[in-house]
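4 protein chains.
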Amino acid sequence: MVNIAIIGAGRIGAVHAATVASHPGARLVLVADPFGENAATVAARYGARSTTQVAEVFAAPDVDAVIIGSPTATHVDHIISAVGAGKAVLCEKPVDLSVVRVDECLAAIAGHESSVMIGFNRRFDPTFAEVHDRVRDGEIGALEQLTIISRDPAAPPASYIAGSGGIFRDMTIHDFDTARFFLGDIVSVSAVGQHLDAAIERAGDFDAAVVTLTAASGAVATIINSRHCASGYDQRLEAFGPRGALEAVNHLATSVRSSGRGQSSAAGPYLDFFLARYAEAYQLELSHFIDCVTSGLAPSPSIFDGRAALVLADAATLSASIGERVAVTTAPELIATAR
Amino acid sequence: MVNIAIIGAGRIGAVHAATVASHPGARLVLVADPFGENAATVAARYGARSTTQVAEVFAAPDVDAVIIGSPTATHVDHIISAVGAGKAVLCEKPVDLSVVRVDECLAAIAGHESSVMIGFNRRFDPTFAEVHDRVRDGEIGALEQLTIISRDPAAPPASYIAGSGGIFRDMTIHDFDTARFFLGDIVSVSAVGQHLDAAIERAGDFDAAVVTLTAASGAVATIINSRHCASGYDQRLEAFGPRGALEAVNHLATSVRSSGRGQSSAAGPYLDFFLARYAEAYQLELSHFIDCVTSGLAPSPSIFDGRAALVLADAATLSASIGERVAVTTAPELIATAR
Amino acid sequence: MVNIAIIGAGRIGAVHAATVASHPGARLVLVADPFGENAATVAARYGARSTTQVAEVFAAPDVDAVIIGSPTATHVDHIISAVGAGKAVLCEKPVDLSVVRVDECLAAIAGHESSVMIGFNRRFDPTFAEVHDRVRDGEIGALEQLTIISRDPAAPPASYIAGSGGIFRDMTIHDFDTARFFLGDIVSVSAVGQHLDAAIERAGDFDAAVVTLTAASGAVATIINSRHCASGYDQRLEAFGPRGALEAVNHLATSVRSSGRGQSSAAGPYLDFFLARYAEAYQLELSHFIDCVTSGLAPSPSIFDGRAALVLADAATLSASIGERVAVTTAPELIATAR
Amino acid sequence: MVNIAIIGAGRIGAVHAATVASHPGARLVLVADPFGENAATVAARYGARSTTQVAEVFAAPDVDAVIIGSPTATHVDHIISAVGAGKAVLCEKPVDLSVVRVDECLAAIAGHESSVMIGFNRRFDPTFAEVHDRVRDGEIGALEQLTIISRDPAAPPASYIAGSGGIFRDMTIHDFDTARFFLGDIVSVSAVGQHLDAAIERAGDFDAAVVTLTAASGAVATIINSRHCASGYDQRLEAFGPRGALEAVNHLATSVRSSGRGQSSAAGPYLDFFLARYAEAYQLELSHFIDCVTSGLAPSPSIFDGRAALVLADAATLSASIGERVAVTTAPELIATAR
């Protein structure tokens with residue numbers, strides 16, 4: 001039985017709390033949030049303690065593992081404290097908005113990197129995972145082209161955009177991780193940003209973008225992003241190889257198809273909300289984390305994966321700005337060397 | 001080179017004329033229609049002669065084969081005359097609305113039945129033919145259930161309905177032939193008719209119906225008909241067996257799919273017109289006929305197939321009326337004996 | 001807070017127990033099963049009491065509502081006892097295999113029929129419910145034809161078949177309820193059974209069947225059943241009306257599509273297991289029951305719906321045997337009169 | 001009646017000849033090919049004259065219009081001669097492999113540019129044209145992202161590759177035109193080439209590529225190419241805007257879907273051959289050309305469109321080589337100025 005504390009009782013913290021509660025191998029023992037009311041509400045629902053003092057989490061002897069769902073700027077401090085206290089960590093993405101800061105974190109936890117898992121939940125989505133595993137098992141031959149279409153239902157408010165680190169660090173970061181999940185080491189990045197929404201442009205960000213990543217293998221991933229999509233949360237990918245292609249199409253609320261005058265076989269809109277679209281992914285992600293804590297194995301995606309996605313986001317930001325392909329390295333061993 | 005005459009220069013006659021003209025192994029030499037203007041127009045387009053006197057067709061020494069596209073009531077007379085004159089015949093369905101009359105025809109052409117092909121064009125549709133051939137080749141194991149959904153885009157005028165012989169002889173007759181194409185000998189028929197359209201009911205007919213046919217093999221075919229369909233000409237079937245199912249879905253004008261607020265992946269309407277939906281089928285049907293005339297092989301579907309479909313239509317009409325399953329036989333050899 | 005007891009700690013009992021446990025408005029207090037170990041296991045998981053004596057359920061003052069998931073033959077007795085003890089009841093389908101016995105039950109609980117809900121879970125499936133609601137709201141005009149394709153992944157053992165009451169009472173009963181859910185009162189039934197599986201034939205049953213139901217409205221439902229399906233649990237329906245059609249296609253585990261040499265866009269198999277396919281339906285069904293108990297409203301489907309499905313199953317059994325369309329009545333008020 | 005001569009009696013010449021022959025407003029009068037036998041065969045089939053001397057085409061007083069289907073290197077000479085002789089021209093793509101040579105052509109025919117149509121047949125494909133027209137009519141709002149997936153069934157021989165001008169000029173050129181068809185003026189190009197096939201790499205070319213084009217409007221087109229595809233000729237596109245998306249999916253030979261153990265609803269492979277996939281497009285393209293010749297209107301796509309696609313191919317070639325986004329202009333008026 002793994003005893004778990006959650007830092008951050010917001011939307012994502014509440015999701016994790018419910019998952020912990022329903023997991024036969026885990027128990028929620030503590031919820032920490034400066035907004036004490038949130039912490040208390042979530043804790044009460046599952047019979048856990050609550051606190052407004054994060055330090056209590058690290059000090060608590062009955063806490064085996066910590067889930068960090070607090071604001072991005074606090075991630076590195078909490079990782080360092082938790083690892084220092086001997087706790088396993090599942091930290092929401094991104095690790096931080098600065099690679100320098102991630103490297104400080106890596107330096108601080110040196111030798112204990114494998115205690116930290118980063119919450120790139122899409123790797124655990126049954127649809128994406130099935131495509132990944134069938135590719136890995138050779139069904140389409142060596143992967144040659146990966147196409148990711150990833151569009152949010154609607155743009156966040158401009159105030160959020162301003163502090164988000166930009167579309168590549170805030171939104172594409174998931175797709176960068178997905179690309180690495182499929183392609184492994186990435187060697188160059190080329191990005192084009194779009195200014196179609198004046199409010200987002202005033203907030204200093206792109207509202208849409210296309211990024212191409214070249215892998216060490218010669219494969220190329222293309223990521224197509226937009227901050228809006230009329231039909232819902234558009235989450236597709238296609239893996240293409242010499243023997244065929246595997247495609248992940250959008251998830252829908254029901255399997256109804258309608259036909260009438262002028263059209264036929266129309267499906268419903270896409271699932272609109274990331275928590276609905278990735279509900280199973282969040283559960284399977286946490287299950288993997290708990291399994292690793294229980295068994296002592298290193299969880300994946302690792303903090304090196306978290307760093308790599310951020311490196312790609314930085315490179316895309318630069319490429320979109322200067323109009324040049326940017327060389328990168330995302331292999332963990334090279335990162336270790338580079339530090 | 002097969003020299004062909006066409007009797008009936010209406011819509012279907014014009015289609016056959018164009019197909020003959022584009023076939024490298026055939027030549028259109030004569031078009032006969034009491035409406036001389038129609039005959040002349042079609043004939044002129046392809047450099048053929050025209051006449052208002054059908055007798056000229058049978059007397060013409062340069063005519064090898066005759067396509068009969070005149071009104072149903074004239075079919076039997078024309079078949080008898082053409083076969084008597086030593087011509088091969090492709091006759092539009094149905095042979096006649098009366099089985100008695102078909103049997104008179106069979107008696108009159110005894111020994112030459114294989115000179116006559118009946119135009120059940122759907123057997124030549126590439127989609128239906130592919131399903132048929134894959135079933136025949138064992139892909140789904142022994143066929144157990146065949147489901148045919150067949151709906152017209154819109155009902156014909158009540159005046160047409162009145163003289164049509166009823167929905168089973170006029171519309172379902174194609175589906176009866178399709179069922180026999182897949183299932184072979186049919187042993188019983190059960191039918192339910194629907195009166196949803198008051199005008200058609202006043203004309204003495206059903207506007208929708210469901211028919212189940214039991215085959216000698218134990219397989220069952222279900223036919224679902226309606227005289228109208230908002231999305232176009234609804235022509236589907238599904239063959240089901242122990243190892244899987246093969247489905248023929250509707251044909252569309254283009255492969256565009258649209259997504260927007262409230263729905264996704266909507267296809268266009270079905271092809272609306274039978275000549276568009278079955279354009280390839282008409283060409284392949286005629287090609288088969290010409291090949292048979294050239295090679296001396298017996299064409300299929302035969303006049304026995306034409307009779308069998310009519311027997312099923314009669315049985316369905318009776319079953320819908322008395323509310324009982326009706327035993328039938330559709331095997332050619334039994335028909336021959338029964339005569 | 002509704003306190004619930006479950007009678008029957010088998011597969012379906014365990015599903016209901018989990019649903020009760022996760023429902024904010026309900027609490028599992030007691031589990032009864034002659035196999036005490038099963039009862040204890042399920043009860044322990046959710047902090048409830050257990051017993052081998054069903055009578056304890058009816059006697060328990062803290063039990064508000066009873067879920068009956070015991071063998072069919074015990075349903076009526078348990079309903080009568082529970083209603084007699086003032087408990088609300090959710091009883092799994094079928095009420096019984098005998099209409100006479102159901103009528104005895106109705107006599108015994110006269111005046112309290114609305115305390116009883118029958119577990120036709122498919123009415124609560126979000127996909128079927130969406131089709132139902134869009135039809136009800138007029139999207140396709142007046143419903144004219146309903147086509148239900150319902151095939152199990154694999155046949156149960158012959159030993160089960162022998163005591164099942166036959167395919168119409170055991171399997172089609174769900175589809176009869178679905179047909180009534182869409183069409184309302186049914187006035188005639190016509191059925192054809194198939195003997196494709198020798199072992200099932202020896203057990204005295206059909207392994208496949210086609211049933212047509214005519215509604216008082218003139219609409220016709222067609223039900224196509226098989227005891228096996230290579231691709232999984234085949235659960236589809238199509239509602240057709242003058243303005244269009246609404247189709248429920250099969251549910252799949254993921255949204256992956258594969259393409260390769262010789263084929264494209266292949267989806268995975270259908271969900272194979274009824275508990276997976278109808279997982280949401282079971283939850284929403286129980287939610288509706290709890291809401292009704294809490295609010296005092298009559299739940300639906302009612303015991304009259306349970307009786308009506310059985311009447312249709314009897315009629316189909318008779319029709320398949322004698323080859324005639326069988327007149328029925330399924331309207332509750334008529335049933336009441338008939339009793 | 002437009003009298004037409006065809007230069008080049010190869011595969012594409014034969015296709016055009018058949019289309020001319022079946023067009024009510026055109027007549028094939030002359031076929032020219034240095035391989036006299038080819039010319040004679042094609043000419044004989046449709047009752048036209050043939051010659052091995054191209055000069056005869058330009059000198060023939062009964063020739064109104066010329067279709068140029070000879071090798072690329074001869075296009076410019078033939079265009080200049082034909083326009084000089086007062087003939088209308090439909091020239092296969094590309095105009096030439098060199099923009100300089102195209103500009104020489106433009107100088108030579110100055111004032112008569114509108115006599116020349118370039119054979120970008122995909123603009124006439126009913127599926128792509130429907131997407132284009134629905135976008136133009138505002139269905140999805142202002143176009144923001146266009147994604148083109150275009151993969152050949154199999155790579156041509158290395159000998160062909162060597163003289164092809166490279167993947168961007170030989171294969172992507174169609175997609176560049178499609179991008180302009182949807183997006184209008186393009187202002188920058190960014191390309192990544194892939195070396196996955198060693199034989200093609202030795203021939204000095206990429207076998208796969210991803211190109212992003214930024215339009216003056218701010219919209220971005222992404223083109224994903226490969227020289228091979230296991231499922232056939234992969235020709236898809238998706239237009240995305242604020243109000244929705246329109247997708248063109250692949251065309252298939254039939255509408256059969258198969259289900260079995262382990263999978264469901266598998267479609268057949270894509271149409272494998274460009275002449276099959278774009279059969280209707282070739283007919284509609286020629287129809288447009290004949291209509292323009294008859295009416296005196298300027299045909300589209302124009303020779304400026306042919307030049308623009310080549311400019312984009314050059315820019316992509318450069319971008320893939322230097323790893324930088326390349327600024328371009330494709331607006332005809334700017335081209336005119338630049339010359």
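Residue numbers (UniProt numbering), protein chains in the order written: chain A, 1 to 339; chain B, 1 to 339; chain C, 1 to 339; chain D, 1 to 339. Cβ coordinates follow ideal geometry from the N, Cα and C atoms, glycine included.
Status (buried if at least 16 other CB within 10 Å, exposed otherwise) for residue i
i: D:Glu37; result: exposed
i: A:Pro94; result: buried
i: C:Arg236; result: buried
i: B:Ala267; result: buried
i: B:Val100; result: exposed
i: D:Ala17; result: buried
i: C:Tyr278; result: buried
i: C:Ile7; result: buried
i: residue 349 of chain A; result: Because residue 349 of chain A is not part of the residues shown, which for chain A are 1 to 339, the question remains open.
i: D:Leu146; result: buried
i: D:Pro71; result: exposed
i: C:Met171; result: buried
i: D:Ile322; result: exposed
i: B:Asp291; result: exposed
Per DSSP, the bridge partner or partners of residue i
i: C:Cys91; result: C:Ile68 and C:Ile118
i: C:Gly241; result: C:Gly244
i: B:Ser150; result: B:Asn225 and B:Gln235
i: A:Gln194; result: A:Ala208
i: D:Ala5; result: D:Leu30 and D:Val66
i: A:Val249; result: Partner(s): none; A:Val249 has no beta bridge.
i: B:Ser302; result: B:Met117
Same chain, Cβ closer than 7 Å to residue i, five either side skipped, listed in chain order
i: B:His288; result: Phe124 and Pro299
i: A:Leu271; result: Gly232, Tyr233, His251, Leu252, Ala253 and Arg277
Close beta carbons around residue i, own chain, < 6 Å, minus the five adjacent residues each side
i: B:Ser50; result: Val31, Ala39, Ala40 and Ala43
i: B:Gly193; result: Phe206, Ala209 and Ala320
i: B:Arg134; result: Leu246
i: A:Asp197; result: Asp207
Start-to-end residues for the alpha helix (DSSP H) that takes in residue i
i: D:Arg134; result: Pro126 to Arg136
i: residue 340 of chain D; result: A question about residue 340 of chain D goes unanswered here, because the residues of chain D that appear run from 1 up to 339.
i: B:Thr178; result: Thr172 to Leu183
i: B:Tyr160; result: Ala158 to Ala162
i: A:Tyr282; result: Ala279 to Ser295
Segment limits, beta strand (DSSP E) that includes residue i
i: B:Val256; result: Val256 to Gly260
i: C:Arg49; result: Arg49 to Thr51
Same chain, Cβ closer than 8 Å to residue i, neighbours up to 5 away in sequence not counted
i: B:Ser259; result: Ser265 and Ala266
With three or more C-beta pairs closer than 8 Å as the rule, is the stretch 134–151 of chain C touching the stretch 237–253 of chain C? yes
Would the stretch 99–109 of chain D count as touching the stretch 121–130 of chain D if we require 3 or more Cβ pairs under 8 Å? no
Is there contact here, the stretch 207–224 of chain D with the stretch 185–192 of chain D, by at least three beta-carbon pairs under 8 Å? yes
Does the contact criterion of 3 or more C-beta pairs under 8 Å hold for the stretch 246–259 of chain D versus the stretch 251–260 of chain B? yes
Report yes or no: do three or more beta-carbon pairs, one from the stretch 196–207 of chain C and one from the stretch 221–235 of chain C, lie closer than 8 Å? yes
Segment contact, 8 Å Cβ cut-off, at least three pairs: the stretch 168–176 of chain D with the stretch 304–311 of chain D: yes
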